[in-house]
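Note that our numbering has the sequence shown beginning at 149, numbered continuously upward. Scroll down for the structure; my scribbles are underneath it.
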Amino acid sequence: MIDIKLIRENPNLVKENIKKKFQDSKLGLVDEVLDLDKKSREVKLHGDELRASRNSLSKEIGLLMRNGNKSEAETIKQKVNSINNELVENEKLEEKLSSDLYNIMLKIPNIIDSSVPIGKSDLENVELQKFGEPKVPDFEIPYHTEIMERLSGLDLDSARRVAGNGFYYLMGNIARLHSAVISYARDFMINKGFTYCIPPFMIRSDVVDGVMSFDEMDSMMYKIEGEDLYLIGTSEHSMIGKFKGQILNKSELPYTLTSYSPCFRKEKGAHGIEERGVYRIHQFEKQEMIVVCEPEESYEWYEKMWKYTVELFRSLDIPVRTLECCSGDLADLKAKSCDVEAWSPRQQKYFEVGSCSNLTDAQSRRLGIRIKGENGNYFAHTLNNTVIAPPRMLIAFIENNYNKDGSISIPEVLRSYMGGLEKIS
Numbered sequence: 149m150i151d152i153k154l155i156r157e158n159p160n161l162v163k164e165n166i167k168k169k170f171q172d173s174k175l176g177l178v179d180e181v182l183d184l185d186k187k188s189r190e191v192k193l194h195g196d197e198l199r200a201s202r203n204s205l206s207k208e209i210g211l212l213m214r215n216g217n218k219s220e221a222e223t224i225k226q227k228v229n230s231i232n233n234e235l236v237e238n239e240k241l242e243e244k245l246s247s248d249l250y251n252i253m254l255k256i257p258n259i260i261d262s263s264v265p266i267g268k269s270d271l272e273n274v275e276l277q278k279f280g281e282p283k284v285p286d287f288e289i290p291y292h293t294e295i296m297e298r299l300s301g302l303d304l305d306s307a308r309r310v311a312g313n314g315f316y317y318l319m320g321n322i323a324r325l326h327s328a329v330i331s332y333a334r335d336f337m338i339n340k341g342f343t344y345c346i347p348p349f350m351i352r353s354d355v356v357d358g359v360m361s362f363d364e365m366d367s368m369m370y371k372i373e374g375e376d377l378y379l380i381g382t383s384e385h386s387m388i389g390k391f392k393g394q395i396l397n398k399s400e401l402p403y404t405l406t407s408y409s410p411c412f413r414k415e416k417g418a419h420g421i422e423e424r425g426v427y428r429i430h431q432f433e434k435q436e437m438i439v440v441c442e443p444e445e446s447y448e449w450y451e452k453m454w455k456y457t458v459e460l461f462r463s464l465d466i467p468v469r470t471l472e473c474c475s476g477d478l479a480d481l482k483a484k485s486c487d488v489e490a491w492s493p494r495q496q497k498y499f500e501v502g503s504c505s506n507l508t509d510a511q512s513r514r515l516g517i518r519i520k521g522e523n524g525n526y527f528a529h530t531l532n533n534t535v536i537a538p539p540r541m542l543i544a545f546i547e548n549n550y551n552k553d554g555s556i557s558i559p560e561v562l563r564s565y566m567g568g569l570e571k572i573s
């Protein structure tokens with residue numbers, strides 16, 4: 149959510165931002181906000197005037213009663229009752245206008261950073277940098293499900309019988325590798341100074357509204373029937389929600405947290421062959437990082453955060469690249485975002501394994517996350533970034549460590565998490 153003052157003072161800037169995101173259907177929302185805001189302020193002013201008049205008349209009644217002018221006092225009491233009735237209706241209107249204004253404000257996208265490239269979709273994202281030399285072996289690399297099944301590490305058929313498509317059983321050393329990667333990522337981030345956290349895996353609707361847009365919620369979230377609870381699609385939702393309604397002390401900032409959680413996503417729509425197997429699924433586990441900081445520090449943290457993900461992947465000898473997300477590929481709350489993509493030797497191209505985003509104060513305004521300042525409170529900035537998200541990350545790991553004999557090599561940094569195992573065969 150953006151600042152209402154920005155819409156009042158510079159509506160054209162807000163409209164231009166909407167155009168840059170190719171959401172022209174939302175342009176009319178700016179004028180709706182201006183109209184509702186004007187009416188809302190008029191109604192609030194009228195309410196203040198009614199209260200002031202009531203207070204003045206109430207004092208007059210007291211004076212008349214003390215002087216024995218009961219008849220005149222009763223006449224004025226009728227006026228006060230009339231004002232009270234009008235106030236009730238005025239407050240109802242004020243509440244409705246405020247609610248309508250808030251709901252429309254939620255639909256207006258955050259102001260994107262000036263450095264964001266303009267483009268309609270992820271096809272126009274811009275490559276920033278490559279890390280590591282992509283290699284293509286002189287032997288064929290099978291599809292990731294074939295590799296894992298040959299190693300008795302994956303059972304999709306049983307998962308379909310139990311839960312349907314989009315689920316899986318990981319078995320044996322592949323399951324152990326999955327847990328090893330999560331544990332390694334956890335310790336990697338702890339060593340970067342982040343505090344480890346395991347959050348609630350369900351959140352209430354007011355937190356959902358605070359952390360994401362309506363479109364994202366509809367395409368991602370599973371709702372618990374009969375409860376005001378949703379399964380999280382990423383631990384960022386629960387972690388940012390931790391600060392809801394809080395006034396933070398400057399001396400305690402920044403909050404740097406790394407969180408583990410299972411994640412649950414609808415993943416609506418049909419997907420191609422490269423998104424079958426365990427690439428796009430309804431349930432997975434993830435190590436995330438979030439930062440809550442001073443506004444002037446958020447872009448410094450943005451640079452640090454995506455670099456941590458690159459460093460982690462390179463420590464596992466997986467080549468990666470970063471892509472700057474264009475304006476049309478940014479979710480509504482994001483001001484700037486980049487994807488980290490891992491090299492696939494089988495496909496001979498990169499694919500997404502993580503995303504780093506600066507949401508500036510968009511989430512903080514929705515959730516009421518403020519910093520206590522000397523001259524008044526102000527909204528914090530929030531950021532999030534994927535550390536790793538197996539099993540998608542496992543695809544990159546397995547392909548880049550696959551050997552001609554069908555085995556998978558274990559990099560040295562992971563061996564202590566695998567009981568000293570150097571190879572899965």
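Built from N, CA and C at the ideal position, the CB exists for glycine as well.
Beta-carbon within less than 7 angstroms of residue i's beta-carbon, same chain only, minus the 5 sequence neighbours each way: which residues are those?
i    : result
P257 : N165, I166, K169, Q171 and D480
L241 : V191
G381 : M368, M369, C411, F412 and R413
P285 : P493
L249 : V181, L184, D185 and S188
E208 : I224
Expressed to the nearest angstrom, what Euclidean distance is found between the alpha-carbon atoms of residue i and residue j?
i    : j    : result
Y408 : R334 : 8 angstroms
I388 : G358 : 9 angstroms
C441 : K455 : 18 angstroms
E522 : E400 : 15 angstroms
D366 : I351 : 15 angstroms
T470 : D477 : 15 angstroms
F545 : A537 : 12 angstroms
I421 : K255 : Confidence in I421 is poor, its pLDDT being 46 and thus under 50, which makes the residue's placement unreliable; the coordinate value appears in the next sentence. C-alpha separation (whole angstroms): 34 angstroms.
F315 : C411 : 12 angstroms
R298 : G554 : 8 angstroms
I231 : N251 : 30 angstroms
V535 : G502 : 7 angstroms
R518 : G425 : 43 angstroms
P467 : K244 : 54 angstroms
R462 : E500 : 15 angstroms
F391 : E373 : 26 angstroms
A510 : I155 : 14 angstroms
L396 : N339 : 25 angstroms
Reducing DSSP to helix, strand and coil, say where residue i ends up.
i    : result
P348 : coil
D354 : helix
K520 : strand
H430 : coil
F461 : helix
F499 : strand
I224 : helix
L299 : coil
T508 : coil
T293 : helix
S262 : coil
E162 : In the sequence on display, residue 162 carries Val and not Glu. Looking at V162 - three-state DSSP - the assignment turns out to be helix.
E288 : coil
K268 : coil
Among the options, which has the Cα closest to the Cα of residue i?
i    : options                   : result
I260 : K484, R428, S247 and V310 : K484
I330 : S492, N551, Q277 and L542 : L542
P539 : M319, R469, Y344 and C504 : M319
R513 : E436, Y450, Q394 and M369 : Q394
L464 : E433, A490 and N525       : A490
H385 : D151, H430 and T406       : T406
C473 : S263, P282 and K390       : S263
N532 : E448, S475, E436 and S269 : E436
P282 : G567, N549, S573 and Y565 : N549
F279 : A510, L507, Y498 and N525 : Y498
P159 : D151, K174, S173 and V178 : V178
S204 : Y344, I224 and N238       : I224
E451 : V356, V488, P348 and I152 : V488
M296 : H326, R308 and E157       : H326
G567 : E459, L175, R324 and L302 : R324
What are the boundary residues of the alpha helix (DSSP H) that includes residue i?
i    : result
R202 : L175 to R214
R469 : No alpha helix (DSSP H) holds R469; the beta strand (DSSP E) holding it covers V468 to E472.
D487 : Element bounds for D487: not the alpha helix (DSSP H) but the beta strand (DSSP E), K484 to S492.
K169 : Counting along the chain, K169 falls outside any alpha helix (DSSP H), and DSSP gives it neither H nor E.
F336 : G320 to I338
For the beta strand (DSSP E) that contains residue i, what are its first and last residues?
i    : result
K403 : The displayed chain sequence assigns Tyr, not Lys, to residue 403. Note, Y403: beta strand (DSSP E), Y403 to F412.
T534 : H529 to I536
Y396 : Reading the sequence as shown, one finds Leu at residue 396 and not Tyr. Where L396 is concerned, the enclosing beta strand (DSSP E) stretches over I395 to N397.
E384 : Note, E384: premise wrong, no beta strand (DSSP E); alpha helix (DSSP H) at S383 to G389.
Excluding the 5 residues preceding and the 5 following residue i in the sequence, name in chain order all residues of the same chain whose CB lies nearer than 6 angstroms to its CB.
i    : result
E547 : I289, S492, P493 and R494
S505 : K482, S485 and N532
V439 : P402, T404, W449 and L531
Could you name the residues of the same chain whose beta carbon sits closer than 8 angstroms to that of residue i, not counting the 5 residues immediately before and after it, in chain order?
i    : result
E220 : L212
E570 : S557, I558 and R563
M337 : Y344, T406, Q435, M437, Y456 and V535
Using a Cβ-based criterion (distance less than 8 angstroms to any ligand heavy atom), does residue i qualify as near the ligand MN?
i    : result
T508 : As for the ligand MN, it is missing from this structure, which has no ligand bound.
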